[in-house]
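Numbering (this note's numbering), first residue to last: 5 to 359.
Remarks on the structure that follows.
What follows is the structure in structure tokens.
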């Protein structure tokens, strides 16, 4: 927050086109706008914020709601999931509820979003928009500038703080109106955000990484899900292996090591850093040897050697050496999940509330 600055509006800023246009439309009216970029293991790009501020001339704060989001998912989203693991309605409720709590901090009068009536089948139907407003308790200070003319006037418009005539009546999935507004606002063509989902919960490979954590680890925090985003992910029941793909993912895995984790690393060859996270007590010797063999398997040089390879195993302050043949085949059952194998986890978490 800029020193001694107060704001008129807080804008939920995903860095997508609609949220960018929302901020610009309000700024064009002379309103002071603070953008809130929400971050969880499932979405958000905090490393891009400085660049967005420079490119778009915005004032953006990063709002971390990772653990609150995990808790919402764990309890089962009230409005259920989309096609995969995406709780789109509950997601927007959580962000708006958080923004509401921040109004006083920023001295702001209202919250604005880039929602467009009818644009998304789950979260932007008229009834869903009403549920989002009601459940987040933001009626009276929630404005949707891009679709305002399809919605009743808000107190901000009635008071004259916001000029309703300078708001819009966008509807549906088309982007023609948005692109016309881009030109009207003078956003350079090269700066137009590219259309993208942006949420890993809508992607099958990512959903497969997250489902076993929800299934086996009721005390998981956002850090467990950040770890699930890294490298290769293998599961065998409650046995979880994160296998680095490159230097960057190895470093990210290293930063996530806990004292109870098993850490595998080749002694004589370059290869991945591998983290085994136990959720249900110590691993058997067989499971440890299988994990060591997989560590060796993902080293091309160890595979080419074709002989037993020493692997260093650490847990806390203890360290020992295992000698194994590189192999992906294992009796423990380590495998990469596919969606058809884990969708029952999603179904179990979906409470099917009356909507």
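Ideal Cβ positions, reconstructed from N, Cα and C, are used throughout, including at glycine.
Under the three-state reduction of DSSP output, residue 51 falls in the helix class.
The continuous alpha helix (DSSP H) containing residue 107 extends over residues 92-110.
Collapsing the DSSP output to three states places residue 193 in a helix.
Bridge partners of residue 244 according to DSSP: 239 and 281.
Looking at the backbone, the Cα of residue 160 and that of residue 111 are separated by about 15 Å. By the Cβ-count criterion, residue 293 is buried, with 16 or more other Cβ atoms from all chains shown falling within 10 Å of its own Cβ.
Ranked by how close their Cα comes to the Cα of residue 171, the residues 245, 150, 277 and 338 have 150 in first place.
Rounded to the nearest whole angstrom, the CA to CA distance from residue 34 to residue 12 is 10 Å.
Of all C-beta pairs linking the region 225-235 to the region 59-79, three or more are shorter than 8 Å, placing the two stretches in contact. Straight across, the Cα-Cα distance linking residue 37 with residue 244 is about 44 Å. The alpha-carbon of residue 155 is positioned some 9 Å away from that of residue 173. In this structure residue 270 is in contact with residue 300, their Cβ atoms being roughly 6 Å apart against a cut-off of 8 Å. When secondary structure is reduced to three states using DSSP, residue 177 falls in the coil class, being assigned neither helix nor strand.
One Cα belongs to residue 205, the other to residue 66, and the distance between them is close to 20 Å. Counting C-beta atoms within 10 angstroms of its own C-beta, residue 288 has fewer than 16 neighbours from the protein chains shown and is therefore classed as exposed.
Residue nearest to residue 353 within the set 51, 70, 81 and 32 is 81 (criterion: CA-CA distance). In the three-state reduction of the DSSP assignment, residue 224 falls in the coil class, being assigned neither a helical nor a strand state.
When rounded, the separation of the alpha-carbon atoms in residue 331 and residue 250 is 19 Å. Linking residue 133 to residue 41 through their CA atoms gives a straight-line distance of about 20 Å.
In the DSSP annotation of this structure, the continuous segment of the alpha helix (DSSP H) that includes residue 29 starts and ends at 21-32.
The alpha-carbon of residue 62 is positioned some 11 Å away from that of residue 15. According to the DSSP assignment, residue 271 belongs to no alpha helix (DSSP H), since it is labelled neither H nor E. For residue 142, no alpha helix (DSSP H) run applies, since DSSP gives it neither H nor E. The three-state secondary structure of residue 302, taken from DSSP, is coil. The three-state secondary structure of residue 65, taken from DSSP, is strand.
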